[in-house]
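Chemist:
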Amino acid sequence: MPGLRTAARVNRALPGRVVRFMLERGVRQSLDIGSGVPTVGNVHEVARVRVPEARVVYVDRDPAAVAHGESMLVGNELAGVVRADVGDPDAVLGDPEVRRLLDLDQSVGLLVLLVLHWVPDEDDPAGLVGRHRDALPPGGFLALTHVTGDHQGDDLAVATDVIKRSRSPDRVTLRPHRAVAELFTGFDLVQPGLVGCGEWRPGGPADIAEEPGMNMLVHAGIGRKP
Numbered sequence: 006m007p008g009l010r011t012a013a014r015v016n017r018a019l020p021g022r023v024v025r026f027m028l029e030r031g032v033r034q035s036l037d038i039g040s041g042v043p044t045v046g047n048v049h050e051v052a053r054v055r056v057p058e059a060r061v062v063y064v065d066r067d068p069a070a071v072a073h074g075e076s077m078l079v080g081n082e083l084a085g086v087v088r089a090d091v092g093d094p095d096a097v098l099g100d101p102e103v104r105r106l107l108d109l110d111q112s113v114g115l116l117v118l119l120v121l122h123w124v125p126d127e128d129d130p131a132g133l134v135g136r137h138r139d140a141l142p143p144g145g146f147l148a149l150t151h152v153t154g155d156h157q158g159d160d161l162a163v164a165t166d167v168i169k170r171s172r173s174p175d176r177v178t179l180r181p182h183r184a185v186a187e188l189f190t191g192f193d194l195v196q197p198g199l200v201g202c203g204e205w206r207p208g209g210p211a212d213i214a215e216e217p218g219m220n221m222l223v224h225a226g227i228g229r230k231p
């Protein structure tokens, strides 16, 4: 899939902008669901530059991702990692580590990045987001990204077919703009709305792909809970 390396770079630049956006609006705690194996520019690293007392919990179902997260956070009392699945909001929000680090009566920044295209329609991704939303107080934010085929040609179809033929239990569900927007039900989308990942408040050339299609491989947006 030509351009995918660039798309990965553009997507990796987004969490930093998202976290800084939330910090500037007074949010001091983040819940990153589907955080994956740690790399550079992790949420707690971005947050502590501006707000040293910011608290972060990472959530992933992959034991390897959790193990790497635990290793990274040794000695860090303001961040933790939990093994749980976005498909089980009660397990996520009720986990002792989440309860220890996050005050769920105060505004929370909920990050669900590149996760929900792995959730098939029959598992009701909008309902899962809604259960997380309903457990959090007003004033918090949802940052969400989702792979789409809206602006792609046959390359993306070939790539998703490779996943299907790999016998992986995970399946990719490409959703159009309208369907991704529905995942923000109960949130007020902030400007510039739901746009291509590279088009969400870029801070410079490094945030944008030269190939226009790679800026729009992933829909990205932030919503505020009123």
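Each residue of the sequence shown is one higher than the one before, counting from 6 in the numbering used here. For glycine and all other residues, C-beta sits at the position ideal for the given N, C-alpha and C. Here the structure is a predicted model, which means the values were calculated and not measured.
#1: Ordered along the chain, which non-local residues of its own chain (more than five positions away) have a Cβ less than 6 Å from that of residue 117?
#2: Whose C-beta lies closer than 6 Å to the C-beta of residue 178 among residues of the same chain, with five residues either side of it excluded?
#3: Rounding to the nearest angstrom, what Cα-Cα distance links residue 220 and residue 56 in this structure?
#4: Does the Cβ-Cβ distance between residue 192 and residue 144 come in under 8 Å?
#5: For the beta strand (DSSP E) holding residue 150, just list the boundary residues, first then last.
#6: To which residues of the same chain is residue 189 closer than 6 Å at the C-beta, ignoring the five residues directly before and after it?
#7: Return the CA-CA distance between residue 18 and residue 223, expressed in angstroms with no decimal places.
#8: Going by DSSP, name the residue or residues bridged to residue 60.
#9: Would you call residue 59 buried or exposed, if buried means 16 or more other Cβ atoms sit within 10 Å of its Cβ?
#10: Excluding five sequence neighbours on each side, which residues of the same chain lie with their C-beta closer than 6 Å to the C-beta of residue 46?
#11: Give the list of continuous beta strand (DSSP E) stretches no shorter than 3 residues that lie fully inside the stretch 35-110.
#12: When the Cβ atoms of the stretch 127-141 are set against those of the stretch 65-79, are three or more pairs found closer than 8 Å?
#13: Would you kindly check if the distance between the Cβ of residue 146 and the Cβ of residue 54 is under 8 Å?
Modeler: So, to answer that:
#1: 38, 149
#2: 122, 125
#3: 30 Å
#4: no
#5: 146-152
#6: 228
#7: 13 Å
#8: 34
#9: buried
#10: 21
#11: 60-65, 84-88
#12: no
#13: no
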